[in-house]
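Quick notes on the structure that follows.
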Amino acid sequence: MRSLCVEPFQNFSVVDTGARRTLTYCSPWKTNHKHEAVLFPPPSRPIRKSLCVCLSSSSKLPVMMEEKKKTFDASEAALLVKELNESFRTGKTKSYEWRVSQLKSIEKMVVEREKDICEALYKDLSKPEFEAFVSEIAMVKSSCKEALKELKHWMKPEKAKTSMETYPSSAEIVSEPLGAVLVISTWNYPFSLSVKPVIGAITAGNATVLKPSEIAPATSSLLSKLFEEYLDRSAVRVVEGDVPETTALLEQKWDKIFYTGSPRVGRIIMTAAAKHLTPVVLELGGKCPAVIDSDVDLQVTARRIIAGKWQANNGQACISVDYIITTKDFAPKLIDALRKGIEECFGTDPMESKDISRIVSSNHFSRLQSLMDEYKVYNKIVVGGQRNQKELKIAPTIFLDVPGDSQLMQEEIFGPLLPIITVENVKDSIDLINSKPKPLAAYLFTNNDKLKNYFVQSVSSGGMAINDTVLHVCIHLLLMTHIY
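In full-length UniProt numbering, the protein residues as written are 1 to 484.
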């Protein structure tokens, strides 16, 4: 057994025995409080109310009077962009010292307010504390550490080779900050997927506005308070709100827009950006397949599928396993292994488990429920199927051989539902994957090197992992792209 201490988190360790991966986390804000997990490789904010006293002769009792929230419209958005551009033109965000100070402030913020962050994530998603640390807090800490380590290197001009025609000249490539950047984040990892793009924008020397998702209101509100407290308000802001506020922001001219979310909203972002020829980065989802060969270790494979589905925010992750493809003969064995693994992770009644996130909102619950109840698939459930609309909980649910034209196979599931599709030969899975839009991630479990090479060469996806799921996002060099 090997024990690996993962830096920079002294209170975080991993033990991997091949069939079992155990993570231990000692909470810094709870004395002698240790968490262990076995990983198998709401509406808009309410109108504020204030207390006032009615002075009329008819009543002298205190009454509650509604105070209207200040509207953030296009004029407010234009003023915000103007202020950020003025701050950017002073040149302060371009300096090495300013970038370092802001990155260190984010590090300090995460350390000092870890408890508040975990509480906000629990309010929004019932996200277990351990999962909140691993998938949100630790990811932000790691991004800060990487940026601080590499910043001087990234800022250093790169020498370029000259030609005979320009002899004896010299040339270099100088990276230049773009200006005012808009980050529109999503709700499923509402802390890390908000803060990490901001880290990228700050590292590149830009002024930045973050628009958190209104679907995770507790985290959105906390981010607004934390940014106000820890970061330079003249160059880094948060705008909370719903569609009207986002629309007001998109009407402005930005130097870059970074969006994480659905393809439907991504099209709206692109349309708005095109009016100003603003460059855009879209981090979208897709149906991420996992192909499973019959020569694999069943126990290890099942546990790593579980880690990449239900232990990844209960399937509410853009890189979680969306569907499985395996052979007809192997499917029953795989289902049995998954059933046992689910029980090991979440108990005999997953609906009572504290180690699984809930569905984010009633709208998303209704969407998933309609997928489950479609007449083409409702009788295909082989594991799970329990649900509780009041608590927004759906148990890990597995379907076998749902039709290709069912909604389960036509749209990204983004939840705890997992269809298994069977084929005669595992190589037939390639054609099925390629018949759909390119996935954000693709996974293969096999001990066959020829199949592995064929899969890598034949399948196009945003990322790929062999004999595991989701862990490729932890490797910085695989994710480093010059997006700002």
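Idealized CB from N, CA, C, for every residue including glycine.
task: Spatial neighbours of Ile106 within its chain, please: CB distance less than 6 Å, with the 5 preceding and 5 following residues excluded, ordered by chain position.
output: Cys144
TODO: For Gln252, decide whether its Cβ has a neighbour in chain C, counting only Cβ atoms nearer than 7 Å.
DONE: Here there is only one protein chain, and chain C is not present.
- Member of Asn425, Ser220 and Glu343 whose CA lies at the smallest distance from the CA of Thr397: Glu343
task: Taking 7 Å as the cut-off, decide whether the C-beta atoms of Ala207 and Ser87 are in contact.
output: yes
What would DSSP say about Ile215, mapped onto helix, strand or coil? coil
With distances taken Cα to Cα, identify the nearest neighbour of Glu112 among Leu226, Gly179, Phe130 and Thr203. Leu226
ask   = In or out: Tyr375 buried (at least 16 other Cβ within 10 Å) or exposed?
value = exposed
With a Cβ-Cβ cutoff of 7 Å, do Gly308 and Val470 count as a contact?
-> Yes, Cβ-Cβ distance for Gly308 and Val470 is below 7 Å.
Counting C-beta neighbours from all protein chains within 10 Å, is the total for residue 488 16 or more, i.e. buried, or is it exposed? What is shown of the chain runs 1 to 484, which leaves residue 488 out entirely.
(request) Quick one: grab the DSSP three-state call for Pro289. (result) strand
Is the separation between the beta-carbon of Ala312 and that of Ser320 shorter than 7 Å? yes
Among the candidates Pro244, Leu182 and Arg99, whose CA atom is the shortest distance from the CA of Ala74? Pro244
Just to confirm, is the Cβ distance from Lys393 to Arg339 under 7 Å? no
Q) Is Ser185 closer than 7 Å to residue 486 when the C-beta atoms are compared? A) No information on residue 486 is available, as it lies outside the stretch 1 to 484 that the chain covers here.
ask   = What span of residues does the beta strand (DSSP E) with Pro419 cover, start to end?
value = Leu417 to Val423
Would you mind stating whether Phe399 and Lys427 have Cβ atoms separated by less than 7 Å? no
Margin query: Just to confirm the assignment, what range does the alpha helix (DSSP H) spanning Gly200 have?
Written below: Where Gly200 is concerned, the enclosing alpha helix (DSSP H) stretches over Ser192 to Thr203.
Q | Burial state of Ile475, where buried means 16 or more other Cβ atoms lie within 10 Å | A | In summary, Ile475 is exposed, with fewer than 16 beta-carbon neighbours lying within 10 Å of its beta-carbon over all protein chains present.
### Message
Suppose the cutoff is 8 Å on Cβ atoms and the five residues either side in sequence are ignored; what does the same chain contact list for Leu334 look like?
### Response
Ile292, Leu298, Thr301, Ala302, Ile324, Thr326 and Ile420
Going by DSSP in three states, Gly266 sits in which element: helix, strand or coil? helix
### Query
In chain order, what residues of the same chain have a beta carbon less than 6 Å from the beta carbon of Ser234, not counting five sequence neighbours either side?
Closer than 6 Å at the Cβ level, and outside the excluded window around Ser234, lie Ser87.
Query raised in the report: Near His276, what residues of its chain come up, given a Cβ to Cβ distance below 6 Å and the 5 sequence neighbours on each side ignored?
Result: Lys253
Practice task
Run through the region 130 to 171 for me and flag every whole alpha helix (DSSP H) of 4 or more residues, listed as ranges in chain order.
Solution key: 138 to 155
State the Cα-Cα distance for the pair Leu408 and Ala395, rounded to the nearest angstrom. 16 Å
* Asked: Would DSSP call Arg113 helix, strand or coil?
  -> coil
At the level of alpha carbons, what is the spacing between Ala465 and Thr166? Cα-Cα distance, rounded: 46 Å.
Practice prompt. Check whether the Cβ atoms of Ala317 and Asn467 sit closer than 7 Å, and answer yes or no.
Written response: no
**Message:** Helix, strand or coil for Tyr96? Go by DSSP, reduced to three states.
**Reply:** Three-state result, Tyr96: helix.
Opposing strand residues paired with Val209 [DSSP bridges]: As computed with DSSP, Val209 is found in a beta bridge with Leu182 and Arg237.
Worksheet entry | Three-state class that DSSP yields for Phe330 in the structure shown | coil
With DSSP run on the structure shown, which of helix, strand or coil describes residue 543?
The structure shown has nothing for residue 543, since the chain only spans 1 to 484.
* Among Met351, Leu417, Lys390 and His364, which has the Cα closest to the Cα of Val382? -> Leu417
- Quick one: what's got a C-beta closer than 7 Å to Glu412's C-beta in the same chain, skipping five residues either side? Gly285, Gly286, Lys287 and Asp322
query: Are the CB atoms of Thr278 and Ile257 nearer to each other than 7 Å?
result: yes
- Since Tyr454 is in the alpha helix (DSSP H), which residue starts that stretch and which ends it? Asp449 to Ser458
**OP:** Would you mind reading off the limits of the beta strand (DSSP E) that contains Ile466?
**Re:** Gly463 to Ile466
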